[in-house]
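Numbering (this note's numbering), first residue to last: 363 to 486.
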């Protein structure tokens, strides 16, 4: 489950900005609190679609709600910095921001993906 769960979580997170764009939003619509909760500001998706695009707002909200439901602040921070932060950060920058060693970073990144997947399944 862990490998599949990580892959599903990673796919959901990598698709996030695509769904956000389809829903009529952009990276400026996201804000992050100091404890790494994500909020959508000015997010008013257009709902006149009758095809696959009608699912975009729900996908965006599902990812945001899943990240916000993660109980561990460090794991939330890793998800936000790796996948949701508007500027692409290198792993070394994330390690420095969070005060992690290289071995810790990759272990925590895997844990954060697994936790995201678990929270996503609980929300369904």
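Positions of the beta carbon are idealized from the N, C-alpha and C atoms, including for glycine. Bear in mind the structure is a predicted one, so any value in this text is a computation, not a measurement.
### Query
Can you list, in chain order, the residues of its chain whose CB lies under 7 Å from that of residue 435, leaving out five sequence neighbours each side?
Cβ-Cβ distances below 7 Å link residue 435 to 397 and 398 in the same chain, with the five nearest sequence neighbours on each side left out; the list follows chain order.
### Task
Going by CA-CA distance only, name the one from 419, 424 and 433 that's closest to residue 387.
Nearest Cα to residue 387 within the set 419, 424 and 433: 419.
### Query
When we look at the beta-carbon of residue 454 and count the other beta-carbons within 10 Å, is it buried (16 or more) or exposed?
The residue is exposed, with fewer than 16 neighbouring Cβ atoms inside 10 Å.
### Message
Can you give me the C-alpha to C-alpha distance between residue 373 and residue 445, rounded to a whole angstrom?
### Response
Spanning the two alpha carbons is a distance of roughly 10 Å.
### Query
In terms of residue numbering, what span does the beta strand (DSSP E) encompassing residue 460 cover?
Judged by DSSP secondary structure, residue 460 falls outside any beta strand (DSSP E) and instead within the alpha helix (DSSP H) spanning 453-460.
### Task
Would you mind sorting residue 414 into buried or exposed? The rule is 16 or more other CB atoms within 10 Å of its CB.
Per the 10 Å Cβ criterion, exposed.
### Query
Between which two residues does the beta strand (DSSP E) carrying residue 394 extend?
In the DSSP assignment, residue 394 falls within the beta strand (DSSP E) that extends over 392-394.
### Query
From the DSSP output, which residues share a beta bridge with residue 400?
Residue pairing of residue 400 in beta bridges, as defined by DSSP: 394.
### Contacting residues, own chain, Cβ-Cβ under 7 Å from residue 403 (five flanking each side not counted)
Within the same chain, 391 and 393 come within 7 Å of residue 403 by CB-CB distance, once the 5 residues on both sides are set aside.
### Where residue 434 falls: helix, strand or coil (DSSP)
DSSP places residue 434 in coil when its eight states are reduced to three.
### Message
Pop quiz: residue 467 and residue 476 are said to be a contact at Cβ under 8 Å. What is the actual Cβ separation, rounded to whole angstroms?
### Response
Not quite, the Cβ-Cβ distance comes to about 15 Å (not below 8 Å), so this is no contact.
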